[in-house]
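The sequence shown: position 193 = 193 (UniProt numbering), numbered continuously. Positions of the beta carbon are idealized from the N, C-alpha and C atoms, including for glycine. Quick notes on the structure that follows.
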Amino acid sequence: MADLKVLTTPQGRQIAYHQSAGAGPGIVFLGGFKSDMTGTKAIHLEAWAKAQGRAYLRFDYSGHGQSSGAFTDGAIGDWAEDANAAISQLTDGSQILVGSSMGGWISLLLARQMSDRIAGLVTIAAAPDFTEDSMWGSFTDAQKAELASGQVALPSEYGEPYIITKRLIEEGRNQLVLRDPLPLPFPVRFLQGTADRDVDMSVALRLLDHAIGPDMRLVLLKDADHRFSEPKALRLIEDAIHNVLEQIR
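Laid out in structure tokens, this is it:
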């Protein structure tokens, strides 16, 4: 697309992004593991934000989509750095973060790093600490032994197998958010589908119970899967952002 731009992060990574101007607080979409900024939710919210006259930013983490680097070279901390750089260098004022799956984890890390820039938070099937709890916690002894040699392949319903590296698991342990206090001092809406086979509802309940904040709600959408891209799911995301904006006002 013609309006594709590239940001160079302080670490030297090239981050591809699309941005539209508008009123603040702006909306920043944070995608999932091995996803990119051309997904249904990212594009839908861009059109919605433009119709609302609201600023909007979507981007690809390094090793994802059109950004530089190899996916297998990256880890959670790297992608959080990419998101921090995008918000710090490309946006002004407070932002509402919309984090999908891994993007939900990234948004919680940003809440620690730059809470003064965050006006509100909406997560969609948030997957905090998944490298430890979902991946490492479910690996067989054979998979752990294979990972010790560098990497292991996991099947995926979304295409080619996920190549999980030793660094992804080990570096992820430095980014865990469910082991220590997690203050979220702004309106927060956690969205979760009951038919999600990638992130169980128990994760959403654990996150709600663990986080600390004055205005947090968990909304379950019956029969919605992990993609959360059906029309009723997209409307629920819009409603959640609207609600956060109302609470800010």
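- Secondary structure note for T40: it is in no beta strand (DSSP E), and the uninterrupted alpha helix (DSSP H) holding it is 40-52.
- The C-alpha of E230 lies about 11 angstroms from the C-alpha of I237.
- C-alpha of S138 to C-alpha of R167: approximately 17 angstroms in a straight line.
- DSSP places A126 in the coil class of the three-state scheme, outside both helix and strand.
- In this chain, the beta strand (DSSP E) harbouring M216 covers 216-221.
- Here Y56 is buried, its C-beta having at least 16 other C-beta atoms within 10 Å.
- In this structure, the CA atom of L207 is about 18 angstroms from the CA atom of N174.
- Under DSSP, F29 shares a beta bridge with R58, V98.
- Nearest in C-alpha terms to L221, of all of D133, F71, L191, is L191.
- Taken in chain order, the whole beta strand (DSSP E) runs of length 3 or more contained in the region 134-175 are 151-154, 162-165.
- Q95 is positioned such that its CB atom lies no closer than 9 angstroms to that of I43.
- Proximity of the region 197-215 to the region 7-23 falls short of the contact definition, fewer than three beta-carbon pairs being nearer than 8 angstroms.
- Of the candidates P25, T8, A47, H210, T8 places its Cα closest to the Cα of Y61.
- In this structure E132 does not touch G74 by the C-beta definition: roughly 17 angstroms separates them, more than the 8 angstroms allowed.
- Within the same chain, Cβ atoms closer than 7 angstroms to the Cβ of P161 are found at A153, L154, P155, the five residues on either side in sequence being excluded.
- Around the beta carbon of L4, a 10 Å sphere encloses fewer than 16 other beta carbons of the protein chains shown; the residue is thus reported as exposed.
- Minimum Cα-Cα distance from R227 among the listed residues D82, A85, F33 corresponds to F33.
- In the structure shown, the three-state DSSP call for K34 is coil.
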